[in-house]
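Position in the sequence shown (from 1) plus 3 gives the number in my numbering.
Heads up, the beta-carbon is just placed ideally off N, CA and C, and yes, glycines get one too.
As structure tokens, the structure follows; a few thoughts come after it.
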Amino acid sequence: MNSEPFKGTIGRYFWESTPSWPEPVRPNPGSPNVLIVLLDDVGFAQLGCFGSQIDTPVMDGLAANGLRYSNFHTTGLCSPTRSCVLTGRNHHSNGMGRITDLATGFPGYSGRIPRSNGFLSQILVERGYATYAVGKWHLTPDEDMNLAAPRTSWPLGRGFERFYGFHGGETHQFAPWLVHDNHFVDQPRSINEGYHLTEDLVDHAIEDVFDLRAIDADKPFFLYLATGACHSPHHAPQTWLDHYRGRFDHGWDVEREQTVQRQRDLGVIPAHTELSPRPDWVPAWDSLGSSEQKLYARFMEAFGAYLSHTDAQIGRLLEALEETGDLDNTLVLLLSDNGASSEGGPNGSVNDARPWNLVGRPLDEAIERIDEIGGPRLHNNYPWGWTVAGNTPFRRWKREVHEGGVADPLIVSWPAGITSVGEVRTQYTHAIDLVPTLLELLEMDPPEELAGVTQTPMAGTSFAHTLSDPDVPSNRHTQYFEMFGCQALYHDGWKAVSFHPIHTAEPGLDQVAWELYDLINDPAECNDLSDQDPVRLASMISKWWEEAEKYQVLPLDNRPFSEFTLGRPTGAAADRSLVVYHPGAGMVPEEAVPPLFNRSHALRADVEIPDTGCEGVLLSLGNLQGGFSFFVQQNRLVYVHNLVGKQWVRIEAEEDLAAGVQCLEARFTRTGNNQGQMQLLSDDRLLGAGPIERFTPMRWNLTGAGLHCGADPGLPVCDDYESPFSFTATLHRVTLEVLGEATVDQKAQADIAVIRQ
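Given below as structure tokens:
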């Protein structure tokens, strides 16, 4: 029912009545479009215009025609920062004290953004904007990321009118888990046809704008483009990988020295800034062997290719906006969600899921597979040395609150609204300041109510006044930080900060040592002044606790997995012991599949096989980087178990399948810890059997490759067939039954959740 009061008259008859039509809501004439480009895991020093040697000409062009904010900050982690960017509230106020996967049941860690903290998309759609979200979301709890779940925390439930992208913290760039609006879809092209996710995302972003302009030439839009890049896996087309061959052979030590000098020359750090020391846990490049150097350089080449390829796709979007005449009046904010990531470990990784499945990441295998780095068969990530280089000149990295984790690049471009282009702004800003800034530039007040819900005040403050004045003081004087028990407080140029290792008991959250830095004279936190100025430090620590109380940061907890996270609701789907799947249904996320790990289970397919035989997938879960597939090949029943892309076990029937109606079964009997016997049967008649000595213990893979019935689309689980390998006979259903309680390694589950940020 229309809530606008009727302004006509209504009599008994039409000749006594006067109609009245509601006026459509329109923004102020000339209101700019808004484009937020949110990169993933891109450190302060990884864009060309912030000192990197990686080619980012499009982003550099935005900076040349706009402004760089060199004192911009985030929360240090994915979901928390995204919640700040879209609401203008602190991450704990949004229930996003950590990623959605690790909710603990406390207000600051619920994993659910309250309706009283409305999104920018909700504000703008009510003011007459078209609103589009494209790319990574990661603001929906695991238990709601399935097709039976409510869509209230999906993009279309938070003010966006269209969505195309993916839900979780990461996905495979050549074979992603895709969501279109409120349903799952398969990728539009195969890997062999040249598919890459970033290109697909930008295709849809352009389509959204073209669709709008085909109908309405003037309606402004808000486009939120959150790329999967540059979160691992670092995937890029081969031509881009080839472009970077040899570019990083000089190593991370030289890279840091060259980068910090470029940063000084560009003015994105003060000329007096020291380069933070290389930490002890990162070896000197010259101490490495030649094979290690070649491997580690290749890992970084893949990252560089990934970022440059992303830059080119952003360029395609800007060209499309120029084609529609929108570019000049589009307000662009380009930023990253946290510092460079350390999840590749000390030596880099060819599959990030391996450590969490009790499988090592041996150097010799990575060296043997060096030419596959950056391609679809690996889930590659670079080693710690490149993480430190990516955060130059700062200390530490993502998931922590030293500057390496929370200092990020921000570019603001608006040809029609910014005249002082190509300059650097040094005012202290934070992700919570973006929404208030945009609202001021759009000449809108924050709403007191959205969709009938009273709104909380925004914690952010506008920095719109800095667009035209490089010297005006910042409106932000104080900002707290907290991530997995690491604490920090910024106040008027000073920073108090503490570090506590994640999911370890020592030294104890109540025993951490705080450090104190004068960021104006020491931006890279090289000189701890805690002993010289204990009074200031004590005052700042006290202020941190006040902020923690105010913004529901407490209780502090550095444990990703604990009795709190284990006690959260998981959703009915994963708790069932018997589930029936049908061909033609959408993908089922791994989180919604009953866990098969370390327990007996059976897969039963009800089929009708013709006299000519059949082939194809009955049930599959995962992809080449981990999973299983139950299928028929050359009319013989087969089961393949893929242990995180390291070990494939194929068990095949010893005879052909008979024609007719029958129940085909893969029956796994647990015989020990993460091991058992797999039997293949037809109507309980044994056709073949074999051992699986290392059954996947924790997680099939990390890229969102879920369960499919009747096919294995995208990147297949094994090389035994080509995707999608659809079943060619009649498949009525596949029943999955689990027997006994699941045995779960809590620490490994914690590690899985941490790496998926």
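task: Give the range of the alpha helix (DSSP H) segment to which Met681 is assigned.
output: For the purposes of this step, residue 681 is identified with residue 678 of the sequence shown, where counting begins at 1. Looking at the DSSP string, Met681 is not in any alpha helix (DSSP H); the run it does join, the beta strand (DSSP E), is Gln678 to Ser685.
task: Would you give the residue range spanned by the beta strand (DSSP E) that Glu740 belongs to?
output: Here residue 740 refers to the residue found at position 737 of the sequence shown. Thr733 to Leu742 is the span of the beta strand (DSSP E), which, as asked, contains Glu740.
- prompt: What residue ranges within the segment 203-252 form continuous beta strand (DSSP E) runs of no fewer than 3 residues, ordered along the chain?
  reply: 224-229
- prompt: Looking only at DSSP bridge pairs, what is Gly630 linked to?
  reply: Here residue 630 corresponds to residue number 627 of the sequence shown, with the count starting at 1. Partner(s): Gly625 and Asn645.
message: Does Asn341 pass the burial test, meaning 16 or more other C-beta atoms within 10 Å, or should it be called exposed?
response: Taking the sequence shown and counting its residues from 1, the one referred to as residue 341 is at position 338. Flag for Asn341 reads buried.
- request: Compare the Cα-Cα distances from Val404 to each of Ser465, Ile505, His183 and Ala692 and report the closest residue.
  value: The residue given as residue 404 occupies position 401 in the sequence shown. Measuring from the Cα of Val404, the nearest candidate turns out to be Ile505.
Pro694 - DSSP class collapsed to helix/strand/coil: Start at 1 with the first residue of the sequence shown, and residue 694 comes out as number 691. In the structure shown, Pro694 sits in a strand (DSSP, three-state: E or B).
task: Scan the segment 531-571 and note each continuous alpha helix (DSSP H) run of 4 residues or more that stays entirely inside, going in chain order.
output: 537-553 and 566-569
message: Three or more C-beta pairs under 8 Å: does that hold for the segment 323-332 against the segment 206-217?
response: yes
task: Tell me where the beta strand (DSSP E) around Leu710 begins and ends.
output: Looking up residue 710 in the sequence shown gives position 707. Looking at the DSSP string, the run of the beta strand (DSSP E) that includes Leu710 is Leu710 to Cys712.
- request: Report the rounded CA-to-CA distance for Leu627 versus Asp329, giving the unit in angstroms.
  value: Locating residue 627 in the sequence shown gives position 624, counting from the first residue. Locating residue 329 in the sequence shown gives position 326, counting from the first residue. About 42 Å.
Buried versus exposed call for Glu657 [16 or more other C-beta atoms within 10 Å across all chains shown]: Position 654 of the sequence shown holds residue 657. Per the 10 Å Cβ criterion, exposed.
task: State yes or no: is the C-beta of Arg673 within less than 8 Å of the C-beta of Arg602?
output: For the purposes of this step, residue 673 is identified with residue 670 of the sequence shown, where counting begins at 1. For the purposes of this step, residue 602 is identified with residue 599 of the sequence shown, where counting begins at 1. Cβ distance < 8 Å, so Arg673 and Arg602 count as in contact.
message: Quick check: the segment 387-404 against the segment 40-53, are at least 3 beta-carbon pairs closer than 8 Å?
response: yes
query: Any idea what DSSP makes of Thr459, helix, strand or coil?
result: For the purposes of this step, residue 459 is identified with residue 456 of the sequence shown, where counting begins at 1. Thr459 falls in the coil class under three-state DSSP.
message: Rounding to the nearest angstrom, what Cα-Cα distance links Asp472 and Leu444 in this structure?
response: Taking the first residue of the sequence shown as 1, we reach residue 472 at position 469. Taking the first residue of the sequence shown as 1, we reach residue 444 at position 441. One C-alpha to the other measures close to 15 Å.
message: So, for Glu406: in the same chain, excluding its five sequence neighbours on each side, which residues have a beta-carbon less than 6 Å away from its beta-carbon?
response: Mapped onto the sequence shown, residue 406 falls at position 403. Closer than 6 Å at Cβ, skipping near neighbours: Phe397 and Glu528.
Cβ separation of Gly172 and Cys87, assumed to be a contact under 8 Å, to the nearest whole Å: As a position in the sequence shown, residue 172 is number 169, starting the count at 1. As a position in the sequence shown, residue 87 is number 84, starting the count at 1. Gly172 to Cys87, Cβ: 16 Å. No contact.
- prompt: Would DSSP call Gln760 helix, strand or coil?
  reply: By one-based count along the sequence shown, residue 760 stands at place 757. Any answer about Gln760 is weak, because its pLDDT of 47 lies below 50 and its placement is not dependable; what the coordinates show is given next. Note: Gln760 maps to coil in three-state DSSP.
query: First and last residue of the alpha helix (DSSP H) that includes Arg766?
result: Residue coverage of the chain in this structure runs from 4 to 760, which leaves residue 766 outside it and unanswerable.
query: Alpha carbon to alpha carbon, how far is Ser2 from Gly54?
result: No answer is possible for residue 2: it lies beyond the span of the chain, which begins at 4 and ends at 760.
Beta-carbon proximity check, Thr635 vs Cys617, cutoff 8 Å: Start at 1 with the first residue of the sequence shown, and residue 635 comes out as number 632. Start at 1 with the first residue of the sequence shown, and residue 617 comes out as number 614. Residue 635 is actually Val in this sequence, not Thr. In contact: Val635 and Cys617 (Cβ atoms closer than 8 Å).
query: Around the C-beta of Ala516, are 16 or more other C-beta atoms found within 10 angstroms, so that it is buried, or is it exposed?
result: Walking along the sequence shown from the start, residue 516 turns up at place 513. Its Cβ having fewer than 16 others within 10 Å, Ala516 is exposed.
message: Can you look up Asn384 in the DSSP assignment and give me helix, strand or coil?
response: Your numbering for residue 384 matches position 381 in the sequence shown. Strand at Asn384.
message: Checking 8 Å against the spacing of the C-beta atoms, do Gly587 and Asn704 come in under that value?
response: Numbered from its first residue, the sequence shown carries residue 587 at position 584. Numbered from its first residue, the sequence shown carries residue 704 at position 701. Result no, Cβ atoms of Gly587 and Asn704 do not sit closer than 8 Å.
field: Counted within 10 angstroms of its Cβ, other Cβ atoms place Glu304 as buried (16 or more) or exposed
entry: Residue mapping note: residue 304 aligns to position 301 of the sequence shown, counting from 1. With 16 or more Cβ atoms within 10 Å of its Cβ, Glu304 is classed as buried.
- prompt: Sorted by chain position, which residues of the same chain lie with C-beta nearer than 6 Å to Val45's C-beta, five sequence neighbours on each side aside?
  reply: The sequence position of residue 45 within the sequence shown is 42, counting from 1. Counting only Cβ-Cβ distances below 6 Å, and skipping sequence neighbours, we find Cys233 and Ser339.
- prompt: If you check the beta carbons only, do His382 and Ser235 fall under 8 Å apart?
  reply: Looking up residue 382 in the sequence shown gives position 379. Looking up residue 235 in the sequence shown gives position 232. Against a cut-off of 8 Å, the Cβ pair of Ser235 and His382 comes out as a contact.
Every unbroken alpha helix (DSSP H) within the segment 414-458, with a cutoff of 4 residues, ordered by chain: 437-444
- request: Just grab the DSSP bridge partners of Cys81 for me.
  value: Position 78 of the sequence shown, counted from the first residue, corresponds to residue 81. Answer by DSSP bridge pairing: none, since Cys81 is not bridged.
- prompt: Any idea if Gly713 is buried or exposed, counting beta-carbon neighbours within 10 angstroms, 16 or more meaning buried?
  reply: Here residue 713 refers to the residue found at position 710 of the sequence shown. Its Cβ being crowded by 16 or more others within 10 Å, Gly713 is buried.
message: Residues in the same chain with beta-carbon distance under 6 Å from Arg91, minus the five sequence neighbours each way, listed in chain order, please.
response: Sequence index remark: in the sequence shown, residue 91 carries index 88 (1-based). Inspection of the sequence shows that residue 91 is occupied by Gly rather than by Arg. Excluding sequence neighbours, Gly91 sits near Ile435, Val438, Pro439, Met461 and Gly463.
task: Tell me whether the beta-carbon of Leu742 lies closer than 8 Å to the beta-carbon of His604.
output: Indexing the sequence shown from 1 puts residue 742 at position 739. Indexing the sequence shown from 1 puts residue 604 at position 601. Cβ atoms of Leu742 and His604: closer than 8 Å.
- request: Report buried or exposed for Asp268, applying the criterion of at least 16 other Cβ atoms within 10 angstroms of its Cβ.
  value: On the sequence shown, position 265 is the one that residue 268 refers to. The residue in question, Asp268, is exposed, as its Cβ has fewer than 16 Cβ neighbours within 10 Å.
- request: Measure the alpha-carbon distance for Gly347 versus Phe302 and round it to whole angstroms.
  value: The residue you call residue 347 lines up with position 344 of the sequence shown. The residue you call residue 302 lines up with position 299 of the sequence shown. Going from the Cα of Gly347 to the Cα of Phe302 covers about 10 Å.
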